[in-house]
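Remarks on the structure that follows.
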Amino acid sequence: MGEDLELLKYRLPLLDYLRQQNWTGRLAGQGPEFVGLCPLHPETRPSFYVNARKNLFYCHGCGQGGDLIRFVELSQHLSFHQSLAYLERQSVPPVDPAAVLERAAAFYQRQLDRYPEARQYLEQRGVRDSALIRELQIGYAPGGSLRRHLTAQGYSLDWLRHTGLINLQGHDAFYQRVLFPCYRDQRLVNLYGRSTCAGFAHRFLPGSKGDLVAWESVCQFPSVILVEGMFDLAVLWQAGFRNATCSLGTHLTADQLQQLCDRPRTVYLTFDVDANGSGQQAAHALAHRLRAQGITPRCVLLPSGHDPNSFFVQGGDARQFHSLLEAAPL
Ligand SMILES: [Zn+2]
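This note's numbering puts the first residue of the sequence shown at 104, with every later residue one more than the last.
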């Protein structure tokens, strides 16, 4: 509800609504503030102020103030819920956040073959299989071209900022990143971008990081391998371990934890073995929680300094990885 409300206010800014109602205001002082005659009480000298950035109004004459919905309540004499229904009818056709993300994801997938550095990066991370790249819907964000692409399709800059695809400065949020789509209930809810150069390594859009990766196919296996990174998952799938899933970080969301525990199974926790021990600490804490839910956790110990990705990139093979699974203590 709260999110829908914010979306509604994004779709129909207060100032636009007032102008549709033939309200005229002039710029007042500095900042995006407008003043005009109050539509809520009779007056001859303008005392009704609208702040376009904050999307709020205030009248110094009658003392009323608030947001778009409050204005509709007062001007149309409607309840809060009636006002919402009224505005739903008034506002432009709803924009579906998943639809925008899908367009962005499709755009980024098309860029993958246009930028040799993207393929090079995948190669370097051991991901070579073209069918797998398509299956995982891997894309590439060169940066600087998504905004133009989506605004040409009629999406407003405000809306694109709201999705997080475009930042407050008006630039593409993803810049020189390999991208993976994140799904929830098979609906695209986010994009994960791995920097291919000096930028901060991991980036998501605001909001949920989604389900365990490909859970609808992985959940059928009596034992699953859980990894923290998409490149870990990619090399494991490439090596034939189709029972691998990924939580995108060592911290599982409540939903991801629930998925993992939806039936009795063995879970091989295969987190990074890093120098500070944080990956293994996270694995042991998670193992404890899983055991309490009737799951059989096994913490896989990779050679020191490795994650599943680097293990395969540096020559490890499926047989060796299988031995590590077998050696994982209960
Ligand atoms: Zn007033």
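Glycine included, C-beta positions come from ideal geometry on N, C-alpha and C.
Could you say which of the options lies nearest to residue i if we only look at CA atoms?
i, options, result
"residue 266", "333, 374, 204, 394", "204"
"residue 253", "121, 210, 114", "210"
"residue 354", "364, 208, 374", "374"
"residue 247", "257, 431, 273, 420", "273"
"residue 206", "258, 226, 191", "258"
"residue 406", "366, 376, 326", "376"
"residue 383", "309, 402, 416, 431", "402"
"residue 302", "120, 185, 245", "245"
"residue 214", "233, 241, 234", "241"
"residue 434", "126, 340, 317", "This structure cannot settle anything about residue 434, because the visible part of the chain is limited to 104 through 433."
"residue 117", "297, 149, 193", "193"
"residue 189", "317, 120, 432, 398", "120"
"residue 326", "218, 428, 220, 115", "428"
"residue 415", "400, 344, 366", "344"
"residue 227", "433, 124, 418", "418"
"residue 408", "221, 293, 381", "381"
"residue 364", "378, 392, 166, 379", "392"
"residue 138", "237, 387, 430, 163", "163"
"residue 296", "320, 288, 243, 396", "243"
"residue 320", "220, 346, 114, 309", "346"
Determine, using beta carbons only, whether residue i and residue j come nearer to each other than 9 Å.
i, j, result
"residue 159", "residue 151", "no"
"residue 111", "residue 181", "no"
"residue 135", "residue 156", "yes"
"residue 306", "residue 277", "yes"
"residue 176", "residue 183", "yes"
"residue 286", "residue 329", "no"
"residue 350", "residue 361", "no"
"residue 201", "residue 291", "yes"
"residue 231", "residue 239", "no"
"residue 335", "residue 275", "no"
"residue 394", "residue 324", "no"
"residue 178", "residue 143", "yes"
"residue 128", "residue 149", "yes"
"residue 356", "residue 311", "yes"
"residue 424", "residue 315", "no"
"residue 337", "residue 421", "no"
"residue 390", "residue 400", "yes"
"residue 250", "residue 263", "yes"
"residue 270", "residue 332", "no"
Just to confirm the assignment, what range does the beta strand (DSSP E) spanning residue i have?
i, result
"residue 432", "Per DSSP, residue 432 belongs to no beta strand (DSSP E) and is neither H nor E."
"residue 120", "Residue 120 -> not in any beta strand (DSSP E); alpha helix (DSSP H) instead, spanning 117-123."
"residue 297", "290-298"
"residue 446", "This structure does not reach residue 446, given that the chain is present from 104 up to 433, and the question cannot be answered."
"residue 284", "280-287"
"residue 305", "305-307"
"residue 347", "347-349"
"residue 136", "136-139"
"residue 148", "Unbroken run through residue 148: none, as it is neither H nor E."
"residue 401", "399-402"
Where do the N-terminal and C-terminal ends of the alpha helix (DSSP H) with residue i fall, by residue?
i, result
"residue 412", "411-416"
"residue 254", "249-254"
"residue 371", "No alpha helix (DSSP H) holds residue 371; the beta strand (DSSP E) holding it covers 369-372."
"residue 269", "No alpha helix (DSSP H) contains residue 269, which DSSP labels as neither H nor E."
"residue 276", "That residue, residue 276, is in no alpha helix (DSSP H); it is neither H nor E in DSSP."
"residue 218", "Looking at the DSSP string, residue 218 is not in any alpha helix (DSSP H), and its letter there is neither H nor E."
"residue 49", "Residue coverage of the chain in this structure runs from 104 to 433, which leaves residue 49 outside it and unanswerable."
"residue 182", "Run containing residue 182: none; DSSP gives neither H nor E here."
"residue 327", "Counting along the chain, residue 327 falls outside any alpha helix (DSSP H), though it belongs to the beta strand (DSSP E) covering 326-330."
"residue 334", "333-341"
"residue 321", "318-321"
"residue 159", "Here residue 159 belongs to no alpha helix (DSSP H); instead the beta strand (DSSP E) covers 159-162."
"residue 237", "233-238"
"residue 395", "381-395"
"residue 358", "357-363"
Any beta-carbon of chain C closer than 9 Å to the one on residue i?
i, result
"residue 141", "Given the protein chain composition of this structure (a single chain), no chain C is represented."
_Residues whose Cβ lies closer than 5 Å to any heavy atom of ligand 1, in chain order_ = 141, 143, 144, 162, 164, 165
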